[in-house]
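Residue numbers (the working numbering): 183 to 348.
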């Protein structure tokens, strides 16, 4: 099942409580450490058992896209706002969290290329359109599936991936 895994997805985040909310992700392991990547490094196979296509590590200059100044995130390369994540071995759970001004869309595929599921939280709303307000965290979690081989993440606007666990 794929669903946002946060109890108050429409709640605006106050700057002084944000840090706790960003890391309060139920049942997600520590995840991949993007902080070891160099800014502007193309991300491909730096992590064991996971490979990326069309992804770059960077430190966002726009305060809307990062909870803590100086933190590295992943962002898609190119103008189509899309990146892919492949697992070397099929997995049955996956969690990704990021920020975007539009709903992020996950397409889940098995090793044969068959689409298992497409998910987007179209009901997700942003509480403030200010140019400096941090965008709410979108958490997309897959559980109890079988043979997840590829995840394609896209959106109708630029987005960042703050964390991921497999």
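Every residue gets a Cβ at the ideal spot worked out from N, C-alpha and C, and that includes glycine. For clarity, every value in this text was computed on a predicted model and none was experimentally measured.
Within the same chain, 247, 317 and 342 come within 6 angstroms of residue 281 by CB-CB distance, once the 5 residues on both sides are set aside. The beta carbon of residue 284 sits closer than 6 angstroms to the beta carbons of 337, 338 and 339 from its chain, once the five residues preceding and following it are set aside; these are given in chain order. In this structure, the straight-line span from the alpha carbon of residue 322 to that of residue 298 is close to 15 angstroms. Under the Cβ criterion (8 angstroms, minimum of three pairs), the segment 236-251 does not count as touching the segment 271-279. In the three-state reduction of the DSSP assignment, residue 246 falls in the helix class.
DSSP places residue 269 within a strand segment (E or B) once states are collapsed to three. Per DSSP, the continuous beta strand (DSSP E) segment holding residue 332 begins and ends at 330-336. The straight-line gap separating the alpha-carbon atoms of residue 257 and residue 327 is approximately 26 angstroms.
For residue 239, the uninterrupted beta strand (DSSP E) run begins and ends at 237-240, by DSSP. As the crow flies, the alpha-carbon of residue 312 is around 24 angstroms from that of residue 345. For residue 300, the number of other beta carbons within 10 angstroms of its own is below 16, and it is reported as exposed.
Within the same chain, 231, 232, 330, 331 and 348 come within 7 angstroms of residue 269 by CB-CB distance, once the 5 residues on both sides are set aside. Beta-bridge partners assigned by DSSP to residue 278: 322 and 346. Taking C-beta atoms as the reference points, residue 234 and residue 267 count as a pair closer than 7 angstroms.
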